[in-house]
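A.B. asks:
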Amino acid sequence: MKAIILAAGRGVRMLPLTKTIPKTMVPVAGKPILRHILEAFPRKVDEVIIVIGYKGEKIRRAFGRMWHGKSIRYVEQKKLNGTAGALLCARHLIAHGERFIIIYGDEIPTRGEMKTLLSHESAWLCHKVDDPRQSGVPTITPAGRITSVVEKPKRPKSLYAVGGALVVTADIFSFRSVLHKNGEYYLSSMMNRYLRCHNVTAVRGRTNLFFSTPTDVDRFNKNQYSRRHTAR
């Protein structure tokens, strides 16, 4: 099974930590974020595609073409125009009808969460957050299906936000993303179209381990629970 890691962004909000390295290479609990992500993948994930951009050579040098039995391929996002743009860079590596994983390069899932995601045909990891107005907020049916996602709503309907780990099929490439006012194309825009014709299960995970700023990294490193976390 293939997994695509979106790791091309500049990580401006993570400065000064990203002055010389990409955000996914920022150390968290003694290891780069990207390594935590790779360690969370189950054995059935045997091919990893990393979309690189800003200082991508640092990622190539660190992980090479093979990591613990998983082959690694790299594709470059030359124009940093959002998460949908990053995903489309890897489109040619996914076969028609193929099911695969998408993960943002700045979020750490656990092994348990990955196992649960993969138990569904299509699924999206969701987390409870303090302020959903800063996130994509899903509408989840009583049966656990996600029917839509609203980006940064002024009046969110719940405290859940969609995370950066998904399982989808190649059908995702049939849908276009809408250009956001900030000049970027968001994956959530493509997913809203995908949700209309696919049953996507909401997998409710623990507190989101998403790293946007140095404060997020400091908070995690100071939390003693983090020492025992991630790969479980």
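Going by UniProt numbering, the sequence shown opens with residue 1, and the numbers climb by one from there.
Quick reminder that beta carbons are idealized off the backbone N, C-alpha and C, glycines included.
(1) Can you name the start and end residues of the alpha helix (DSSP H) that isoleucine 37 belongs to?
(2) Out of Val168, Asn192, Asp218 and Pro153, which has the shortest C-alpha to C-alpha gap to proline 132?
(3) When DSSP labels each residue in this structure, what does alanine 165 get in the three-state scheme?
(4) Exposed or buried, what is cysteine 126 when buried is set at 16 or more other beta-carbons lying within 10 Å of its beta-carbon?
(5) Of the choices Gly30, His92, Val167 and Glu57, whose alpha-carbon is the least far from that of valine 45?
(6) Where are the alpha helix (DSSP H) runs, 4 residues long or more, that stay fully inside the segment 83-118, in chain order?
(7) Are tyrosine 104 and glycine 164 closer than 8 Å when you measure CB to CB?
(8) Who does alanine 143 pair with in a DSSP beta bridge?
(9) How about leucine 87 and isoleucine 4: do their beta carbons lie closer than 8 Å?
(10) With DSSP as the reference, identify every bridge partner of histidine 127, one or two as the case may be.
(11) Which one or two residues does DSSP pair with leucine 6 in a beta bridge?
(12) Are the beta-carbon atoms of threonine 207 and aspartate 106 separated by less than 8 Å?
(13) Please return the same chain residues whose Cβ sits closer than 7 Å to the Cβ of leucine 195, not counting the five positions on each side in sequence.
C.D. replies: In terms of the structure at hand:
(1) 33-40
(2) Pro153
(3) strand
(4) buried
(5) Val167
(6) 83-88 and 111-118
(7) Closer than 8 Å, so yes.
(8) Answer is none; alanine 143 lacks a bridge partner.
(9) yes
(10) Ala161
(11) Val51 and Tyr104
(12) no
(13) Ile146, Thr147 and Ser148
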